[in-house]
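Chains as they are written, first to last, in our numbering: chain P, 126 to 379; chain W, 46 to 557.
Cβ coordinates follow ideal geometry from the N, Cα and C atoms, glycine included.
Quick caveat: nothing in here was measured; it's all calculated off a predicted structure.
See the structure below:
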């Protein structure tokens, strides 16, 4: 949680967002049948599907306003002025570049990339290995400089993979090479490992951490994935190269 | 006769579980897993229950409950390891334990402290189990008299009290969080007319927001971001000597244990209030009632007993409203509710009719889990603490994978992931800005109950709110809600302090 003074300043904006949310809820609720008929049923106001959203929206507006009032009383107009001048100044950019925030972007970018780009299109195992390896490298092995470099690389590779999948290029390539997304992910993993080895070879402690990371990044997805796929019989979101290989091994009749 | 029959059924269930090797293996495995989860700073019992919900999906309900309740009990206790040995609470529930546990470890008495927490945690769970068995039938019978207005007000009360007591900053933020949860609960086709609300034409939203992925996102993702965003904490671990059960110390402190257990059960029974508050309230009470409060914070055994008994007693306390009213008493209980719903069990007043032995089953599992926890704590503590040496940076990304695959596996729906992650990121920001997450979760769970019962009640009364004032329970609930809101105003606080000072003055005049 933030410190109290910053919190009160942030409360003005979060309160405004709450009010806005409440207004949107009410606006949407107004489009719902109130007294008119729906599905052949003549409505009365107290059976309307809009009743509860209207109550919730109204309460959100009220509570948001109370929060803004409390925050304004605490920081005064001077507080708002300082927040606005902070937003308009170059300080905002240096705030965004603060180490804690960069660490935050690292987690969020990789989580978003994993969920929205890799999981639906790439075999679970290479996708999970890449995800773990990047995060271990960022937060366990490397320093802040490495984290920044890896964040840029993550952004670049997620954009590349996103374009590759969402433009339909993967479908075209798969006519000649099967599972192109999986192969590309393996290539990315290989590049990352080479980069890690070259980057950390002069730092014995970091190199040791990298070796540990590498082992866990491979073992963990296989443990989790095999439990879900073969013991709990949960088909993976996208099944490709590795799962085909595992299926062949698992269902092989000796 | 009825009581003897229930006791017979209770021991029958215990016997059945103990003679089934799978149940015993799951019981011990889950307790140990829970202890590991609790012990690792950053991992909580809520997260443990959330992740195991996906794994227990294919099990039968009884085995799933053994698994989930055992991890809950183990996780609540496991937090004390890091508190005592590292002075970093493994879970929020054991934060109060660190106050005296770590000074004890500094004196070279870590083994004694862990022995004491193990025994008092087990006793706390057993006492709370007794409450689950004895109070549940009474609450169930009482709740059967409830009409739709009472259920609507009860849901509203749950959200408001959870917001009031869990808000780390302003109470209004707790309430906002609760109403945001209610808004999320509105998404999907409404249950009375099947009108699509806030679905924006997305067919996956028609059936409403899936509770379990939202809970996994709300509890798991902020935890992952929080731990990875912060820097690696390197605390020197205190050495752990032989674990001593400390039965003698426990017997000498029986009154304190009973008081702490009662506090734990009481706090646990309040909707949405977790083990952390139980631990602190009990610790504070022990300190205030002690003849030597100055010894607290310097390695006082009573401090460790108070917090650990209360936080584990909270587990049973949280089960009381969950099983009888369908209102979760704590965040892990909210996860349990989600798991129960997945298994087709609908907790509430009708549970005693629909599944007459279910509450006894839960009580039996709590008893067995507390015993398994004691045995595991005594035998495996030295091995378990080794996990504290593993950096959390290695754990958290794996937890991320588990959150993702767990959310997906519930319904094999990739849309669950598209829901879980944004909810998790939003919840992280909310936590950062002082909004508690528990009321939001309670709001998501109780939203449908509040919505349907409000409209059903108004249908019966033809749009009149008068029955609220005509029925005693609803009137009491309404007055409590009004009091809860009014008591936050400054003028009310001023009025109360004036009344207090007037009364005090009168009393001192009378004394003169």
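- Distance from residue 484 of chain W to residue 90 of chain W at the Cβ level is roughly 19 Å; contact not present, criterion being Cβ atoms closer than 8 Å.
- Those residues of the segment 208-237 of chain W placed with their C-beta closer than 8 Å to a C-beta in chain P are 213, 214, 215, 217, 218, 220, 221, 224, 225, 227, 228, 231, 235, 237, ordered along the chain.
- W/479 is the residue among W/490, W/503, W/479 whose C-alpha sits nearest the C-alpha of residue 219 of chain W.
- Residue burial annotation: residue 201 of chain P is exposed, with fewer than 16 other C-beta atoms found within 10 angstroms of its C-beta.
- Classified as exposed, residue 537 of chain W has fewer than 16 neighbouring CB atoms from the shown chains inside 10 Å of its CB.
- Separation of the CB atoms of residue 165 of chain W and residue 350 of chain W is rounded to 5 Å, and the pair is thereby assigned contact status at 8 Å.
- Annotated three-state conformation of residue 242 of chain W is strand, per DSSP.
- In its chain, beyond the 5 residues on either side, 254, 257, 258, 261 have a beta carbon closer than 7 Å to the beta carbon of residue 342 of chain P.
- Taking 7 Å as the cut-off, the beta carbon of residue 113 of chain W is found closer than this to the beta carbon of residue 94 of chain W.
- In this structure, DSSP gives residue 365 of chain P a state outside helix and strand, which the three-state scheme calls coil.
- Among the residues of chain W, those whose CB is under 7 Å from the CB of residue 171 of chain P are 500, 503, 504, 508, following chain order.
- The alpha-carbon separation between residue 389 of chain W and residue 57 of chain W amounts to approximately 24 Å.
- Listed along chain W, no residue sits closer than 8 Å to residue 329 of chain P by beta-carbon distance, the nearest being about 17 Å off.
- Contact check for residue 409 of chain W against residue 55 of chain W passes: the beta carbons are separated by less than 7 Å.
- Taking 7 Å as the threshold, the shortest C-beta distance from residue 549 of chain W to chain P does not fall below it.
- Leaving aside the five residues that flank residue 308 of chain P on each side, none in its chain has a CB nearer than 6 Å to its CB.
- The shortest C-alpha to C-alpha distance from residue 85 of chain W to any of W/438, W/490, W/542, W/507 is the one to W/438.
- Annotation for residue 337 of chain W: no alpha helix (DSSP H) segment contains it, and DSSP assigns it neither H nor E.
- Annotation for residue 127 of chain W: the continuous alpha helix (DSSP H) segment containing it runs 106-131.
- Excluding residues up to 5 positions away in sequence, 219, 317, 318, 481, 483, 484 lie with their Cβ nearer than 7 Å to the Cβ of residue 211 of chain W in the same chain.
- For residue 274 of chain W, the C-beta contacts it makes with chain P under 7 Å involve 225, 228, 229, 232, in order along the chain.
- Residues are counted here when their Cβ sits less than 9 Å from a Cβ of chain P; for the segment 449-466 of chain W these are 449, 450, 451, 453, 454, 457, 459, 462, 463, 465, 466, given in chain order.
- Around the beta carbon of residue 235 of chain W, 16 or more other beta carbons lie within 10 angstroms, which makes this residue buried.
- One Cα belongs to residue 532 of chain W, the other to residue 102 of chain W, and the distance between them is close to 43 Å.
- Classified as exposed, residue 355 of chain P has fewer than 16 neighbouring CB atoms from the shown chains inside 10 Å of its CB.
- A straight-line Cα-Cα distance of about 8 Å links residue 228 of chain P and residue 273 of chain P.
- Excluding the 5 residues flanking it on each side, residue 305 of chain P has same chain C-beta neighbours closer than 7 Å at 295, 298, 299, in chain order.
- Proximity of the segment 115-127 of chain W to the segment 410-423 of chain W meets the contact definition, three or more beta-carbon pairs being nearer than 8 Å.
- For residue 320 of chain P, the enclosing alpha helix (DSSP H) covers residues 305-325.
- Residue 233 of chain W has W/242 as its beta-bridge partners, per DSSP.
- Going by beta carbons, residue 305 of chain W and residue 324 of chain W fall outside the 7 Å limit.
- Of all residues in the segment 81-104 of chain W, those with a C-beta nearer than 9 Å to a C-beta of chain P are 99, 100, 102, 103, reading in chain order.
- Contact between the segment 374-381 of chain W and the segment 355-363 of chain W is present, with at least three C-beta pairs closer than 8 Å.
- When C-alpha distances from residue 152 of chain P are compared across W/242, W/434, W/427, W/509, the shortest belongs to W/242.
- Within the same chain, 267, 271, 482 come within 8 Å of residue 476 of chain W by CB-CB distance, once the 5 residues on both sides are set aside.
- Sequence-distant Cβ neighbours of residue 177 of chain W in its own chain, meaning closer than 7 Å and more than five residues away, are 361, 364, 365, 404, 407, 408, 411.
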